[in-house]
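*Asks:*
Numbering (full-length UniProt numbering), first residue to last: 1 to 465.
Rendered as structure tokens:
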């Protein structure tokens with residue numbers, strides 16, 4: 001009896017069950033943005049002020065409570081950082097952004113305050129890693145640190161500082177504008193300036209994707225930019241184990257202080273009406289540009305028939321600030337920073353900056369010049385208008401109880417050589433990379449020069465009391 005072999009074709013069905021995407025949320029989102037433009041003893045920068053302004057607008061759109069500060073001294077930076085840390089808590093998303101002069105040595109990054117002497121020492125600067133370390137101590141769900149600064153070190157003979165290992169919490173993301181031992185560039189295009197990093201970060205910051213994936217898109221865009229090809233390459237470092245995004249929804253706990261709507265109410269000052277003794281009425285409105293810089297506008301709303309040739313002027317005798325009368329066009333800085341304005345015309349504008357320095361309420365003087373048709377006389381009427389100390393002044397004032405936190409950050413007993421400006425003036429097509437900015441440091445006192453010694457010393461990472 002013969003036998004035969006038969007072959008069979010088997011169909012195998014493989015079912016792939018796609019695991020549903022896990023949903024993440026934050027119990028609050030808080031961001032501290034610092035941009036240092038006007039240095040007392042170092043080359044000024046153009047882009048940080050504009051970059052901070054643009055980033056703050058975008059972060060507020062995705063639910064962040066934002067504190068944006070410009071031109072801070074070392075003491076002011078420490079206060080702001082310590083108050084920022086006090087807002088962090090379990091489940092919160094914390095984001096820290098810095099644009100300005102800085103440097104890196106042995107994996108440790110330092111920010112240079114506007115009052116840093118020339119040459120500055122590490123004790124005049126602020127350690128970014130110490131900030132992150134204390135962010136982690138708050139048991140946050142996500143920590144994002146974005147550094148738009150140079151990472152060059154100009155004294156190879158200085159002693160290495162001890163780097164504290166990062167805690168293995170799997171919740172930290174670093175976004176560096178440039179790679180190690182390289183410079184970060186800013187672009188000048190006519191009257192507009194922007195850091196290369198921010199140029200592309202603002203395109204992707206609101207993307208609904210994992211933070212690291214969002215930053216990878218920024219990295220790729222920077223890599224394709226012919227202006228900085230071969231000069232600036234972004235770097236990303238992270239331990240993020242979960243697919244958390246900056247756009248994740250906020251589900252606040254009952255005791256959470258970070259309510260973005262209430263936060264915005266603190267930020268905005270209401271319009272106020274004033275009336276002069278001659279019968280003229282005016283309206284004051286305020287546009288917060290940064291948390292420590294406000295534009296005040298005055299507009300005449302009623303003029304009696306017997307008065308003509310009205311001119312109103314805002315000024316503050318205690319603050320050397322920029323004032324424009326009969327302004328229909330702002331100057332370069334103000335026009336860039338006023339892009340969030342409602343477009344209303346005003347008869348006068350006053351820029352109030354350095355609000356973190358305030359100890360008392362702000363007094364604005366309103367001068368009205370006019371001609372009385374009845375008497376034919378030219379006359380002047382003056383009003384004093386009081387603006388209560390803003391919450392930012394309380395936020396940054398060590399003598400107030402807005403928040404209670406006695407942590408300090410920084411380093412002591414170190415040295416470094418003076419650094420070059422991190423915005424070279426090399427032409428890379430029609431746009432220019434870098435330039436000096438005729439900014440000011442908001443009337444800050446010039447600090448005492450550091451010792452001229454360039455001998456390396458041990459770097460001590462103790463807290464300040």
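Backbone N, C-alpha and C define an ideal beta-carbon position, used for all residues, glycine too.
Measuring CB to CB, does residue 314 end up less than 7 Å from residue 353?
*Replies:* Walking along the chain shown from the start, residue 314 turns up at place 314. Walking along the chain shown from the start, residue 353 turns up at place 353. Going by C-beta atoms, residue 314 is not nearer than 7 Å to residue 353.
*Asks:* Check residue 46 in the structure and name its three-state DSSP category.
*Replies:* Taking the first residue of the chain shown as 1, we reach residue 46 at position 46. Reduced to three states, the DSSP call for residue 46 is coil.
*Asks:* What does the Cβ neighbour count give for residue 378, buried or exposed, with the cut at 16 atoms within 10 Å?
*Replies:* The count along the chain shown starts at 1 and reaches residue 378 at position 378. By the 10 Å Cβ count, residue 378 comes out exposed.
*Asks:* Which residue from 49, 41, 61, 143 puts its Cα closest to that of residue 95?
*Replies:* The residue given as residue 95 occupies position 95 in the chain shown. Residue 95 has its Cα closest to that of 143, out of 49, 41, 61, 143.
*Asks:* Among the candidates 106, 93, 115, whose CA atom is the shortest distance from the CA of residue 173?
*Replies:* In the chain shown, residue 173 corresponds to position 173, counting from 1. Closest option to residue 173, Cα to Cα, is 93.
*Asks:* Decide if residue 185 is buried, meaning its Cβ has at least 16 other Cβ atoms within 10 Å, or exposed.
*Replies:* Residue 185 sits at position 185 when you count from the first residue of the chain shown. With 16 or more Cβ atoms within 10 Å of its Cβ, residue 185 is classed as buried.
*Asks:* How about residue 291 and residue 69: are their beta carbons less than 7 Å apart?
*Replies:* Here residue 291 corresponds to residue number 291 of the chain shown, with the count starting at 1. Here residue 69 corresponds to residue number 69 of the chain shown, with the count starting at 1. For residue 291 and residue 69, yes; Cβs fall inside 7 Å.
*Asks:* Look at the Cβ atom of residue 58, then the Cβ atom of residue 97, and state whether they are nearer than 7 Å.
*Replies:* Position 58 of the chain shown, counted from the first residue, corresponds to residue 58. Position 97 of the chain shown, counted from the first residue, corresponds to residue 97. Not a contact, by the Cβ cut-off of 7 Å.
*Asks:* To the nearest angstrom, how far is it from the Cα of residue 50 to the Cα of residue 223?
*Replies:* Looking up residue 50 in the chain shown gives position 50. Looking up residue 223 in the chain shown gives position 223. Their Cα atoms are separated by approximately 22 Å.
*Asks:* Return the bridge partner residues of residue 65 from the DSSP annotation.
*Replies:* Here residue 65 refers to the residue found at position 65 of the chain shown. Paired residues: 30.
*Asks:* What do you get for residue 89, buried or exposed, if any count of 16 or more other CB atoms within 10 angstroms of its CB means buried?
*Replies:* Here residue 89 is taken as the residue at index 89 of the chain shown, counted from 1. By the 10 Å Cβ count, residue 89 comes out buried.
*Asks:* Would you tell me roughly how many angstroms separate the C-alpha atoms of residue 127 and residue 108, rounded to the nearest one?
*Replies:* Numbered from 1 along the chain shown, position 127 holds the residue referred to as residue 127. Numbered from 1 along the chain shown, position 108 holds the residue referred to as residue 108. The alpha-carbon atoms of residue 127 and residue 108 are separated by roughly 7 Å.
*Asks:* So is residue 84 buried or exposed if we call it buried at 16+ other beta carbons inside 10 Å?
*Replies:* Taking the first residue of the chain shown as 1, we reach residue 84 at position 84. Buried.
*Asks:* Could you check how far apart the C-beta atoms of residue 100 and residue 112 are, in whole angstroms? I think they sit under 8 Å.
*Replies:* If you number the chain shown from 1, residue 100 lands on position 100. If you number the chain shown from 1, residue 112 lands on position 112. Sure, about 6 Å apart at Cβ, within 8 Å.
*Asks:* Measuring alpha carbon to alpha carbon, tell me which of 218, 39, 132 ends up nearest residue 239.
*Replies:* As a working note, residue 239 is residue 239 in the chain shown. Checked all of 218, 39, 132; the closest Cα to residue 239 is 132.
*Asks:* Answer yes if the region 225-233 comes into contact with the region 266-279, meaning at least three C-beta pairs across the two stretches below 8 Å, and no otherwise.
*Replies:* At 8 Å Cβ cutoff, the stretches do not touch.
*Asks:* Figure out for me which residue from 125, 54, 24 has the closest Cα to the Cα of residue 78.
*Replies:* Along the chain shown, read from residue 1 onward, the residue named residue 78 stands at position 78. Among 125, 54, 24, the Cα nearest to that of residue 78 belongs to 125.
*Asks:* Which residue comes first and which comes last in the alpha helix (DSSP H) that contains residue 134?
*Replies:* Counting from one through the chain shown, the residue named residue 134 turns up at place 134. It spans 128-137 - the alpha helix (DSSP H) in which residue 134 sits, taken as one unbroken run.
*Asks:* In chain order, what residues of the same chain have a beta carbon less than 7 Å from the beta carbon of residue 237, not counting five sequence neighbours either side?
*Replies:* The sequence position of residue 237 within the chain shown is 237, counting from 1. Within the same chain, residue 237 has close Cβ partners 174.
*Asks:* By alpha-carbon positions, which one of 297, 54, 370 ends up nearest to residue 277?
*Replies:* Reading the chain shown from its first residue, position 277 is the one you call residue 277. The shortest Cα separation from residue 277 among 297, 54, 370 belongs to 370.
*Asks:* Among 60, 149, 39, which has the Cα closest to the Cα of residue 249?
*Replies:* Locating residue 249 in the chain shown gives position 249, where the first residue counts as 1. The candidate whose alpha carbon is nearest that of residue 249 is 60.
*Asks:* Within the continuous alpha helix (DSSP H) that includes residue 200, where are the two ends?
*Replies:* Here residue 200 refers to the residue found at position 200 of the chain shown. From DSSP, the alpha helix (DSSP H) with residue 200 extends over 196-204.
*Asks:* Can you check DSSP and say which residues form a bridge with residue 103?
*Replies:* Against the chain shown, residue 103 aligns to sequence position 103. Partner(s): 110.
*Asks:* Could you check the C-alpha separation between residue 466 and residue 368 for me, to the nearest Å?
*Replies:* The chain is shown from 1 up to 465; residue 466 falls before or after that span and cannot be answered.
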